[in-house]
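Take a look at the structure below.
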Amino acid sequence: MSKHNLFVCKSCHLSEAQPEDQPTDGTCLLDRLNQLNANRSHSAELEIQPVDCLWTCDRPCAVAFSAPHKPTYLFTNLPTEETATALLQFGDRYFNSKTGDVPWKQFSEVLQAVSVAKIPTLK
């Protein structure tokens, strides 16, 4: 089975007033995702990759799920505190779907409250 990727924007910050000596909200989300994923029995199925920027700066924090022959899901406006677990649950559904389609009703409440884009598979 091909690798599934979760791209996490490290540059995202929810507030312009964030001190420069503090890690960005995107980095905090990345760290939390890595921490939670390490404790999962099927952590090797999802490669969490930091990226410098996903160009959604007016809608931080941002992540994207991507895999060959599946649509890409871009999530923005993510609150960092509640989202890591919800994102990994979504990742399980995405991984387990042969087509990569995850019905909206299977999104957690946290993810239903953020901005989502589903980008079609290349044919």
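Position 71 of the sequence shown, counting from 1, maps to 71 under the numbering used here, and the rest follow consecutively. Each residue gets a CB set at the ideal place from its N, CA and C atoms; glycine is no exception. Since this is a predicted model, take the numbers as computed values, not measurements.
- Boundaries for F107: no alpha helix (DSSP H) harbours it, and the DSSP string shows neither H nor E there.
- Per DSSP, N39 lies in no alpha helix (DSSP H) and is assigned neither H nor E.
- Setting aside the 5 residues that flank it on each side, E45 is surrounded in the same chain by H4 and F95, each with a C-beta closer than 7 Å to its C-beta; the list follows chain order.
- Using a Cβ-Cβ distance cut-off of 8 Å, the stretch 100-113 and the stretch 47-61 are not in contact, since fewer than three pairs of beta carbons, one from each stretch, lie closer than that value.
- Bounds of the beta strand (DSSP E) holding N5 are H4 to C9.
- Within its own chain, the residues whose Cβ lies closer than 8 Å to the Cβ of R32, once the five positions on either side in sequence are excluded, are T80 and A84, listed in chain order.
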